Amino acid sequence: MNLNVDEFLKENTSYKICQICLSQVEENQMLFIQKVCHLICMDCFKNYLNEEIRISKVENMKCPHCLELLTDQIIQDNVDNQTYIKFRYFQKRVNIQKDPLKRFCPTINCENILQLENKNQQKIQCDQCQAFICTQCNRNYHEEFSCNQILEKEITILINTRDIQRCRKCKALVQKIEGCNHMTCSVCEYQWCWLCGDTYTQMHTMALNPFGCPMLQNGRFTVHNTQMWKIYCIRFWIFVLIIFLFPFALLFSGPAFLLGAYIELLRKYRNSTYLNCQCYIKYILFFLGIIIFLLGFILDVIFAVLLVPGIIYLFVLYIKERNRIISKANQRLQQRENNEL
107 MNLNVDEFLK
117 ENTSYKICQI
127 CLSQVEENQM
137 LFIQKVCHLI
147 CMDCFKNYLN
157 EEIRISKVEN
167 MKCPHCLELL
177 TDQIIQDNVD
187 NQTYIKFRYF
197 QKRVNIQKDP
207 LKRFCPTINC
217 ENILQLENKN
227 QQKIQCDQCQ
237 AFICTQCNRN
247 YHEEFSCNQI
257 LEKEITILIN
267 TRDIQRCRKC
277 KALVQKIEGC
287 NHMTCSVCEY
297 QWCWLCGDTY
307 TQMHTMALNP
317 FGCPMLQNGR
327 FTVHNTQMWK
337 IYCIRFWIFV
347 LIIFLFPFAL
357 LFSGPAFLLG
367 AYIELLRKYR
377 NSTYLNCQCY
387 IKYILFFLGI
397 IIFLLGFILD
407 VIFAVLLVPG
417 IIYLFVLYIK
427 ERNRIISKAN
437 QRLQQRENNE
447 L
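Residue numbering for the sequence shown follows the working numbering, starting at 107 and increasing by one per position.
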């Protein structure tokens, strides 16, 4: 609501709610621009200005409450001198970047601005550091290589020396600073595992998944690129466990389960007078235990019959989720291409 200061103080209480931090603030601590009250406290407004300038978002800065454009004078009045100098510096850089006939000298510690004669000029020399600059990619002039070759070389060095990976679909560069291993590309929304680079599904870190990163969630905050031989070793031993040990576990799981339940039942009634007095009952219970143990193998067959469809079902879910992620990324890339056209 747009009211001048007098009307605002007359018609409203002495406190207002900041629409940013939702704190109750005195009216004289709210933001007023040209005698119009903006429902944002001065602390939030100053924090907003400092953060926008810190990340160099200085073009067309707006009020976070009503999106009204902020003048340079308003910004200067609400930040310290050092921050305002930084604001003007970033503004200057933005204006230079918009000019098609101006370039920054890429030489370290040289902030000279290069003036091109025309848009087709390929090479220019800095009059301060005397370096020759390629005007197409703004790097040191490279006569023997194309701009794309130089760029790919730099990207390869970054990937090998820093915590950077390429998106498997759109090849966008992604740097991981913190967080889990489930990566989502901001360009195409493709999802992949930071550790192995494969498509990330809900089953990717399951303990018995020999095709993912089983039991590696304890390294969820890893930022370094993982050596794949470590993951291959884990997958190999999981595969060995499934092939050789799982059949034995399945074979004796039924008998062990039934026999365990039977023994637990006997322990529950071991103080029964009837069991202690009747000797032949003990022999009957013993042979009954053997029968129950043997019946456990029938239970194994039931487990196996139910297990196979379950494994097939999980595999189908894995394939569907993987295809969905890839299809979504392809659609996003197609939309971007259509928008560019």
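The beta carbon of each residue, even a glycine, is placed where N, CA and C say it ideally should be. The model shown is predicted, which means the values in this text are computed figures rather than measured ones.
{"Query": "Same chain, Cβ closer than 6 Å to HIS171, five either side skipped, listed in chain order", "Result": "GLN125, HIS144, LEU145, ILE146"}
{"Query": "Inter-residue CB distance, GLN70 and LYS208 (contact presumed, cutoff 8 Å)", "Result": "Any property of residue 70 remains undetermined from this structure, which presents the chain solely from 107 to 447."}
{"Query": "Residue nearest to ILE448 in terms of C-alpha spacing, selected from ILE348, ASN224, LYS336, GLU174", "Result": "Because residue 448 is not part of the residues shown, which for the chain are 107 to 447, the question remains open."}
{"Query": "Other residues of its chain near GLY303: CB distance less than 6 Å, five sequence neighbours each side excluded", "Result": "none"}
{"Query": "Buried versus exposed, by CB contacts within 10 Å (16 or more), ILE344", "Result": "buried"}
{"Query": "Neighbour-count burial assignment, ALA313, 16 or more Cβ in a 10 Å radius", "Result": "exposed"}
{"Query": "CB contact flag (GLN297, ILE425, <8 Å)", "Result": "no"}
{"Query": "Rounded C-alpha distance that separates GLN231 from ARG245", "Result": "12 Å"}
{"Query": "Coil, strand or helix - ILE349 by DSSP", "Result": "helix"}
{"Query": "VAL185 beta carbon less than 8 Å from that of CYS156", "Result": "Per the sequence presented here, residue 156 reads as Asn, with Cys not at that position. Contact: yes."}
{"Query": "CA-to-CA distance, ASN187 to LEU109, given in whole angstroms", "Result": "In this prediction, LEU109 scores a pLDDT of 45, lower than 50, which makes its location untrustworthy; the coordinate-derived value is nonetheless stated afterwards. So the alpha carbons of these two residues sit roughly 31 Å apart."}
{"Query": "GLY366 burial status per 10 Å Cβ neighbour count (16 or more: buried)", "Result": "exposed"}
{"Query": "Length at least 4, wholly inside the segment 191 to 226: the alpha helix (DSSP H) runs in chain order", "Result": "none"}
{"Query": "DSSP state of TYR306 mapped onto helix, strand, coil", "Result": "coil"}
{"Query": "Cutoff 8 Å; reference VAL346; Cβ partners in own chain excluding five residues on either side", "Result": "none"}
{"Query": "Uninterrupted alpha helix (DSSP H) stretches inside the segment 224 to 292 (no shorter than 4 residues)", "Result": "253 to 267"}
{"Query": "Through-space distance from VAL280 to ILE265, alpha-carbon basis", "Result": "10 Å"}
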